[in-house]
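Note that numbering that gives the first Met the number 0 has the sequence shown beginning at 0, numbered continuously upward.
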Amino acid sequence: MERMGAVGRLYPSVAEIRNAYYSFFGWRWNPFSSVRLSDPELFVAPHDVIVEIDDYIKARERHILITSEFPGMGKTTLLELIYGDLLELSRQGDPEYRFYPVMVSQSKLYVRQMAEVLAKKLRVPYSRSANAEDIYVLVKYDIMLRYLLSGYLTLIFIDDFGENDVEVFIKIKEVGDLTLKDAKRFVVEEEDEFKRFLKLKKMKLDEGEINAIKRAAEEGDEDQMICMLVLTGTKTHAIGLKEGVPHLYDRCWEIELEPLDERGVREFIGRRLYWASGRLKEFDESSFEIHPFTEDAVPALKRKSMGVGRDLRMLCNQAVFVAANRFKDGGSPVIDGALVDALPCIEEVPE
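This is the structure:
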């Protein structure tokens, strides 16, 4: 059942009306709630988008920039979905997915804050008195050492990249520019620094193991990237990146998420209804029901939301609220096109 939010605590009957409606359809919670953590499996996008991103990642040639014209198109959910899949595949030892993925979900970071977040995600120890530049150097050392020891490329996911301070763009570019040539220089020409970093990481390697690392650095393709960035942002953020750090932008595959079409809107509704019923694993995108939504509600929702996922969720949430009140008064529980058309505007219904 829906937990009591601020409105429900002040007006218990509101929560009771909603819960009665949810129970009628076998929902455990509001399918379109904004306060419940959702499952990445709820993400709806053309299958070829996910396949395209997967192919680019496995190619290990360029960074990836996922953009959309508007906020709320599902970039964050897509990032979480890809991150989770890669984490699982790398743990399983799949040879095609020799990656060490880390996720930076915080935004609006200054250059030192980003350095600290990356160091913590990569488990790189650093002194609290260290300046930002020193922390970034340690992060680079860690990425290079990981590749030489295991062949694992570090994959850094950064959500809403353009929301961070402009200096972050520069430092992230430097991290993303790392190649095997840099790693070779680190272990061969900067051996003292390399050994100090091993000590900092509390790693004890004998001379034979160190020589093996050096051979790995010398035998591979010097231009092989050893760190890949997967960034998300709006088209405006992409323009800012292109103007501010053109070299980084030029090394990115840009993938733009398109608004949902009517088929996508229907799938969006269906996935959430199955999720709220505890049956998401049973969802079959080739055959599913969307009751209490009617088929004529789908084009109306597409039209009013313009295919933007966040707006679609809010519209569906409103529609459920209206239908629940109508049902309480003895009316029909269905959500049809007429009900959707009558919704005044897109706004969040308080939980």
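Note that CB positions come from ideal geometry on N, CA and C, so glycine has one too.
Neighbourhood of F23 by C-beta distance below 8 Å, restricted to the same chain and skipping five residues each side:
Along the sequence shown, one-based indexing puts residue 23 at 24. Closer than 8 Å at the Cβ level, and outside the excluded window around F23, lie F326, P332.
Are the stretch 181-192 and the stretch 265-274 touching, with three or more C-beta to C-beta distances below 8 Å?
no
List the endpoints of the continuous beta strand (DSSP E) containing T235.
For this step, residue 235 is matched to residue 236 along the sequence shown. Segment 234-243 is the alpha helix (DSSP H) holding T235; no beta strand (DSSP E) there.
Under a three-way DSSP split, which group does Y55 fall into?
Start at 1 with the first residue of the sequence shown, and residue 55 comes out as number 56. Three-state result, Y55: helix.
Taking only three categories from DSSP, how would you classify V6?
As a first step, residue 6 must be located in the sequence shown, where it is residue number 7. A caution first: V6 carries a pLDDT of 49, below 50, which makes its placement in the model unreliable, though a value can still be read off. Of the three classes helix, strand and coil, the one that applies to V6 here is helix, per DSSP.
Taking the alpha-carbon positions, what's the R195 to M202 distance?
To locate residue 195, count along the sequence shown from 1; it is residue 196. To locate residue 202, count along the sequence shown from 1; it is residue 203. Answer to the nearest angstrom: the Cα atoms are 10 Å apart.
For T178, which residues of its own chain have a beta-carbon under 7 Å away from its beta-carbon, when the five flanking residues on both sides are left out?
Counting from 1 along the sequence shown, the entry for residue 178 is found at position 179. If we look at T178 and ignore the five residues flanking it on each side, its Cβ neighbours are E221, D222, Q223, M224, I225.
Do A131 and K170 have their beta-carbon atoms positioned less than 9 Å apart in this structure?
Reading the sequence shown from its first residue, position 171 is the one you call residue 170. Reading the sequence shown from its first residue, position 132 is the one you call residue 131. Closer than 9 Å, so yes.
Coil, strand or helix - F98 by DSSP
Counting from one through the sequence shown, the residue named residue 98 turns up at place 99. The answer is strand: DSSP assigns F98 an E or B state.
Should D310 be labelled buried (16 or more other beta-carbon atoms within 10 Å of its own) or exposed?
Position 311 of the sequence shown, counting from 1, holds the residue named residue 310. Its Cβ being crowded by 16 or more others within 10 Å, D310 is buried.
In this structure, does DSSP put H290 in helix, strand or coil?
By one-based count along the sequence shown, residue 290 stands at place 291. DSSP places H290 in coil when its eight states are reduced to three.
Output the boundary residues of the beta strand (DSSP E) element that contains W28.
Here residue 28 is taken as the residue at index 29 of the sequence shown, counted from 1. Per DSSP, W28 belongs to no beta strand (DSSP E) and is neither H nor E.
Could you check how far apart the C-beta atoms of L147 and A182 are, in whole angstroms? I think they sit under 8 Å.
One-based indexing of the sequence shown puts residue 147 at position 148. One-based indexing of the sequence shown puts residue 182 at position 183. Rounded, the Cβ-Cβ distance is 6 Å, consistent with contact.
Whether or not the stretch 15-31 and the stretch 306-324 are in contact is what I'm after, with contact meaning three or more pairs of Cβ atoms, one per stretch, closer than 8 Å; do they touch?
yes
DSSP has W252 in a bridge; who is on the other side?
Position 253 of the sequence shown, counting from 1, holds the residue named residue 252. DSSP lists I63 as partners of W252.
Out of T76, P245, M305, A296, which has the shortest C-alpha to C-alpha gap to G269?
As a first step, residue 269 is located in the sequence shown; it is residue number 270 there, counting from the start. Closest by alpha carbon: A296.
In terms of alpha-carbon separation, which member of T293, P298, H236 lies closest to L259?
Translated into the one-based positions of the sequence shown, residue 259 becomes position 260. The candidate whose alpha carbon is nearest that of L259 is P298.
Simplified DSSP state of M143, which is helix, strand or coil
As a working mapping, residue 143 is identified with position 144 in the sequence shown. In this structure, M143 counts as helix in the three-state DSSP scheme.
Where L228 falls: helix, strand or coil (DSSP):
Taking the sequence shown and counting its residues from 1, the one referred to as residue 228 is at position 229. DSSP places L228 in strand when its eight states are reduced to three.
May I have the straight-line CA-CA distance separating D340 from T235, to the nearest angstrom?
Counting from 1 along the sequence shown, the entry for residue 340 is found at position 341. Counting from 1 along the sequence shown, the entry for residue 235 is found at position 236. Spanning the two alpha carbons is a distance of roughly 31 Å.
Backbone CA spacing between E68 and V116 [nearest angstrom]:
Here residue 68 refers to the residue found at position 69 when the sequence shown is read from its first residue. Here residue 116 refers to the residue found at position 117 when the sequence shown is read from its first residue. Approximately 28 Å between the Cα atoms of the pair.
Going by the CB atoms, is the gap between G239 and G161 shorter than 9 Å?
Locating residue 161 in the sequence shown gives position 162, counting from the first residue. Locating residue 239 in the sequence shown gives position 240, counting from the first residue. In this structure, G239 lies closer than 9 Å to G161 by Cβ.
F185, enclosing alpha helix (DSSP H) - first and last residue
Position 186 of the sequence shown, counted from the first residue, corresponds to residue 185. Note, F185: premise wrong, no alpha helix (DSSP H); not H, not E.
Straight-line gap, E352 to I81 (C-alpha atoms, nearest Å)
This structure cannot settle anything about residue 352, because the visible part of the chain is limited to 0 through 350.
By how many angstroms is the C-alpha of D141 removed from the C-alpha of V123?
What you label residue 123 is simply residue 124 of the sequence shown in a count that begins at 1. What you label residue 141 is simply residue 142 of the sequence shown in a count that begins at 1. Going by the C-alpha atoms only, they are around 7 Å apart.
Given a cut-off of 9 Å, decide if I157 and N163 are closer than it, judged by their beta-carbon atoms.
Sequence index remark: in the sequence shown, residue 163 carries index 164 (1-based). Sequence index remark: in the sequence shown, residue 157 carries index 158 (1-based). It is a contact, given that the beta carbons lie within the stated cut-off.
Go through its chain and collect everything with a Cβ distance to K187's Cβ below 7 Å, but skip five positions before and after it.
Taking the sequence shown and counting its residues from 1, one reaches residue 187 at position 188. It is worth fixing the name first, because residue 187 is Val in this sequence and not Lys. Correct list, in chain order: K213, A216.
For a test of the three-state rule: what should DSSP assign to P11, helix, strand or coil?
Numbered from its first residue, the sequence shown carries residue 11 at position 12. For P11, the predicted model reports a pLDDT of 48, less than 50, meaning its position is unreliable and no value from the coordinates is stated.
Figure out for me which residue from R278, N324, K119, V110 has the closest Cα to the Cα of V101.
Numbered from 1 along the sequence shown, position 102 holds the residue referred to as residue 101. Ranking R278, N324, K119, V110 by Cα distance to V101 puts K119 first.
Look at the Cβ atom of L256, then the Cβ atom of T66, and state whether they are nearer than 9 Å.
Translated into the one-based positions of the sequence shown, residue 256 becomes position 257. Translated into the one-based positions of the sequence shown, residue 66 becomes position 67. Yes, the Cβ-Cβ distance between L256 and T66 is below 9 Å.
With H, G and I counted as helix, E and B as strand and the rest as coil, what does DSSP make of C156?
As a working mapping, residue 156 is identified with position 157 in the sequence shown. Position check: residue 156 holds Phe in this sequence, whereas Cys was assumed. Correct three-state label for F156: strand.
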